[in-house]
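Worksheet: the structure to be examined is printed underneath.
Residue numbers (this note's numbering): 1 to 218.
Structure, rendered in structure tokens:
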């Protein structure tokens, strides 16, 4: 009888531990944000630049952007066309273009997901995770083979509007946002590459105008 009691207590202890683990897993789960209305957008992009390590750099003066949204309102496709693109390093002033596009024009396409990161004060930071379709950019005698993904901050959230701002920034020479939290509460890294080396991207003053009023919720 004493052994039976000990066995019963052991089983209860195992069940209690399992309940705690399940509870912790549930609390770690995150609800990813979404737009409340399915809509498309068009907009403008400010000056941008791509850096491959510290050796090569391309700068573009402006651009346009457009995007679509899937039924889930959490993801979709986008296109950004940069214009006035020239190299800064290793050759200054060489005209750059993506394969098959006009001189000084770089066409970037891909898909996007709206995701979250937790800020230093525990606040939600809403990000767009841009997964680029691989492309090749030629600048005179050299070229960049670009692939990977990058994160940019989208604002505002929880406000009904047609105007959104998307910022892809560098801080102290590094990408401002390098990871996000998935719906399991796990960190997922974002990584951009050029010619097999780590690369960074900066694009300021990106304005997105949606066809319909919508807002970001989570």
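Even glycine gets a Cβ: it sits at the ideal position worked out from N, Cα and C.
Hey, could you find the ends of the beta strand (DSSP E) residue 167 is sitting in?
Per DSSP, the unbroken beta strand (DSSP E) holding residue 167 starts and ends at 161-168.
State yes or no: is the beta carbon of residue 117 nearer than 8 angstroms to at least one beta carbon in chain D?
Going by chain labels, chain D is absent from the structure shown, which holds only one protein chain.
From the DSSP output, read off the bridge partner residues of residue 158.
BP columns for residue 158 are empty, so no partner.
For residue 118, does the three-state DSSP call read helix, strand or coil?
Residue 118: strand per DSSP, three-state reduction.
Using only the alpha-carbon positions, how far apart do residue 126 and residue 176 sit?
Between residue 126 and residue 176, the C-alpha separation is close to 13 angstroms.
Work out the CA separation of residue 189 and residue 135 for me, nearest whole Å.
A direct Cα-to-Cα measurement between residue 135 and residue 189 gives close to 21 angstroms.
Comparing alpha-carbon positions, which option in 103, 57, 66 and 138 lies nearest residue 110?
Closest in alpha carbon position to residue 110, among 103, 57, 66 and 138, is 66.
Where residue 36 falls: helix, strand or coil (DSSP):
DSSP places residue 36 in the coil class of the three-state scheme, outside both helix and strand.
Buried or exposed: residue 36, going by 16 or more other Cβ atoms within 10 Å of its Cβ?
Exposed is the call here.
How big is the Cα-Cα spacing for residue 130 and residue 75?
Straight-line Cα distance between these residues: approximately 10 angstroms.
Helix, strand or coil for residue 31, going by three-state DSSP, please let me know.
Of the three classes helix, strand and coil, the one that applies to residue 31 here is coil, per DSSP.
Quick one: is residue 86 buried, meaning 16 or more other Cβ sit within 10 Å of its Cβ, or exposed?
Counting Cβ neighbours within 10 Å, residue 86 comes out buried, since at least 16 surround it.
If you count every other CB in all the chains shown that lies within 10 Å of the CB of residue 99, and 16 or more means buried, which is it?
Burial call: exposed.
Quick one: using the 10 Å Cβ neighbour count with 16 as the cut-off for buried, is residue 158 buried or exposed?
Around the beta-carbon of residue 158, fewer than 16 other beta-carbon atoms lie within 10 Å, marking it exposed.
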